[in-house]
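One structure is given below, encoded as structure tokens.
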Amino acid sequence: LSISPNVAVEGEVVRIQGHNLFSSESFINSISLAGSQVQKMIVISESEVLVIAGKQTSLLGQVVVTAGNGALIYGKDFQYIKNFTLKVLSDEVFGQFGTKLVINLPFLAKDAIHVLFGRNLGFVILRNESGY
């Protein structure tokens, strides 16, 4: 199976492509991403399905397509991103390119993949409590 993207947050659209996804049946019974059932499936063709990532139960695991006859098709690993929203409490927070912003996260910094400022991707330098 081909999974794109193979890293996502709940509610994100994921494309699954593969040969004979339906097995010998005319429908797909279910699809799970890292152990979580998808919210919705949209069948494009016998070899392509769009899904909406469901509520995360595990950070990492396989993609599993269950055909109507119960046949299981296993795909590559899928990873959920921890979705964390930082709310700014003041309208007077502003900056420009190069402005340093320190964010203390409620999880390990190694888990941070990207940070968005509005719709703009910020450049992130990760550093743990020991300074590395």
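Everything in the sequence shown is counted per this note's numbering, starting at 149 for the first residue and increasing by one. Even for Gly, the Cβ is constructed at its ideal location relative to N, Cα and C.
In the DSSP annotation of this structure, the continuous segment of the beta strand (DSSP E) that includes G223 starts and ends at 220-228. In the DSSP annotation of this structure, the continuous segment of the beta strand (DSSP E) that includes K188 starts and ends at 188-193. Boundaries of the beta strand (DSSP E) around A215: 208-215. I221 places its beta carbon less than 8 Å from that of G166. For the pair L208 and A182, the CB atoms are nearer than the 8 Å cut-off. For Q204, there is no enclosing beta strand (DSSP E), since its DSSP letter is neither H nor E. If you ignore the 5 residues before and after N177, its C-beta comes within less than 8 Å of the C-beta of T214, A215, G216, G218, all in its own chain and listed in chain order. Around E158, the same chain offers A201, G202, K203, Q204, N231 as residues with beta carbons nearer than 7 Å, after the five sequence neighbours per side are excluded.
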